[in-house]
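**Student:** Here UniProt numbering is used: the first residue of the sequence shown is 1, the next is one more, and so on. We put the CB at the ideal spot given by N, CA and C, even for glycine. Model, not experiment: these values are computed from the prediction. Below is a structure I'd like to ask you about.
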Amino acid sequence: MPRRDKCDICRLRKVKCDAARPACQTCIRGGRPCSYSPSSESPEQDDASLSGLQLTSTRRASSGEGAFHVLTLRRTVLPCRALTIAHPPSPSRSLVSKADCLASRWTYMLEFENHDESAMAGFTETFHTMPAWIGKDVVLDAAAKYTVDCHRAFMKQDENALNLAKKSGAEAMRALRFALAQSSTDATDEMLVSMYAMTMSEYMGGIDSYNYKLHELALCQILKQRWTSGRWGLLEQRLSRSIHSE
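Next up, the structure:
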């Protein structure tokens with residue numbers, strides 16, 4: 001706001017002033033010279049308009065006449081800088097991709113499996129490499145999410161977890177059907193792993209329904225075609241061995 005009731009020194013120091021002439025009481029008590037410039041009489045002049053300077057210290061002259069004033073530039077903090085200072089970035093809030101989160105969930109899931117006695121013996125080979133596959137194919141990511149959600153529902157035996165697994169299963173099936181409809185040649189390796197993951201998802205979701213058998217039979221047919229076409233490889237051997245171990 002405009003200031004007309006302060007001397008030049010009190011305005012710079014931002015202290016109270018009685019605006020007495022020729023010298024105010026504040027300057028008299030502090031032993032400082034008091035002066036009034038023409039700008040102090042202007043109603044449009046305020047504290048922030050004085051050349052961006054602020055008074056930091058005052059020292060009396062050794063002769064007893066006058067005083068030395070130390071002025072510094074007033075630092076103005078920009079709004080964006082002030083926001084950064086008030087809310088510094090936290091290292092714990094670093095962004096993590098969905099693929100990284102899904103790979104972590106998959107690794108966590110494998111810790112609960114008994115690889116020597118489990119009916120899902122394929123985990124020991126094919127599924128241990130799944131984190132390296134995640135993030136490269138939409139169908140595979142959907143199948144992997146379905147698998148970890150089914151495993152969570154199996155472990156928790158919770159209705160909410162089961163509903164989430166069913167939702168993930170519907171999304172995985174839509175992605176798989178779309179990919180199969182678009183594929184005019186042979187199925188990719190990612191699709192084979194996805195189908196095997198969905199087989200294990202249905203297995204954990206409810207063995208009484210035998211829905212997993214549908215994925216298993218479809219996967220066997222695709223593997224058979226790849227065998228006859230001469231494209232049989234280590235991945236196919238692992239998948240075939242895993243299916244027959246069920």
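Please report how far the alpha carbon of A119 lies from the alpha carbon of E111, in whole angstroms.
**Tutor:** By 1-based counting over the sequence shown, the position of residue 119 is 119. By 1-based counting over the sequence shown, the position of residue 111 is 111. In this prediction, A119 scores a pLDDT of 45, lower than 50, which makes its location untrustworthy; no coordinate-derived value is stated.
**Student:** Could you give the C-beta distance for G205 and A143, rounded to a whole number, given that I count them as a contact under 8 Å?
**Tutor:** If you number the sequence shown from 1, residue 205 lands on position 205. If you number the sequence shown from 1, residue 143 lands on position 143. So it is not a contact: roughly 13 Å between Cβ atoms.
**Student:** Can you tell which of Y36, R105 and A153 has the C-alpha that lies nearest to the C-alpha of M130?
**Tutor:** For the purposes of this step, residue 130 is identified with residue 130 of the sequence shown, where counting begins at 1. The residue with the shortest Cα to Cα distance from M130 is R105.
**Student:** Looking at C-alpha atoms only, which residue of V138, T26 and P33 is the closest neighbour of residue 253?
**Tutor:** Residue 253 lies beyond the stretch modelled for the chain, which goes from 1 to 246, so this question has no answer here.
**Student:** In angstroms, rounded to a whole number, what distance separates the CA positions of Y108 and A161?
**Tutor:** Here residue 108 refers to the residue found at position 108 of the sequence shown. Here residue 161 refers to the residue found at position 161 of the sequence shown. C-alpha separation (whole angstroms): 16 Å.
**Student:** Cutting at 8 Å between CB atoms, please list the residues of its own chain near L235, excluding the five before and the five after it.
**Tutor:** The residue given as residue 235 occupies position 235 in the sequence shown. T126, D189, L192 and V193.
**Student:** So which of R32, K6 and A99 has the shortest CA-CA distance to K145?
**Tutor:** Along the sequence shown, read from residue 1 onward, the residue named residue 145 stands at position 145. Among R32, K6 and A99, the Cα nearest to that of K145 is on A99.
**Student:** With distances taken Cα to Cα, identify the nearest neighbour of G203 among R29, G169 and K136.
**Tutor:** Numbered from 1 along the sequence shown, position 203 holds the residue referred to as residue 203. Looking at the sequence itself, residue 203 is Tyr, so the reference to Gly does not match. Measuring from the Cα of Y203, the nearest candidate turns out to be G169.
**Student:** In chain order, what residues of the same chain lie with their CB nearer than 6 Å to the CB of R174, ignoring the 5 residues before and after it?
**Tutor:** Reading the sequence shown from its first residue, position 174 is the one you call residue 174. Correct list: empty, nothing qualifies.
**Student:** Can you tell me whether A121 is helix, strand or coil according to DSSP?
**Tutor:** Residue 121 sits at position 121 when you count from the first residue of the sequence shown. With a pLDDT of 49 at A121, under the threshold of 50, the modelled position of that residue is not reliable, and the figure given next carries that caveat. The answer is helix: DSSP assigns A121 an H, G or I state.
**Student:** For P91, which residues in the same chain have their Cβ closer than 6 Å to its Cβ, ignoring the five residues on either side in sequence?
**Tutor:** As a working note, residue 91 is residue 91 in the sequence shown. Its pLDDT being 48, under 50, P91 is placed unreliably in this model, and the value from its coordinates should be taken loosely. For P91, where only same-chain residues beyond five positions count, there are no Cβ hits under 6 Å.
**Student:** Report back the beta-carbon spacing between C24 and P33 to the nearest angstrom; my notes put them in contact at under 8 Å.
**Tutor:** Walking along the sequence shown from the start, residue 24 turns up at place 24. Walking along the sequence shown from the start, residue 33 turns up at place 33. Between P33 and C24 the Cβ distance is about 11 Å, and since that is not below 8 Å, they are no contact.
**Student:** I'd like to know whether the C-beta atoms of I222 and A187 end up nearer to each other than 8 Å.
**Tutor:** In the sequence shown, residue 222 corresponds to position 222, counting from 1. In the sequence shown, residue 187 corresponds to position 187, counting from 1. Yes. Within cutoff.
**Student:** Indicate whether A153 and I134 have their beta-carbon atoms separated by less than 8 Å.
**Tutor:** The residue given as residue 153 occupies position 153 in the sequence shown. The residue given as residue 134 occupies position 134 in the sequence shown. Against a cut-off of 8 Å, the Cβ pair of I134 and A153 comes out as no contact.
**Student:** Can you tell me whether D8 is buried or exposed, with buried defined as 16 or more other CB within 10 angstroms of its CB?
**Tutor:** Within the sequence shown, the letter at position 8 stands for residue 8. That one is buried.
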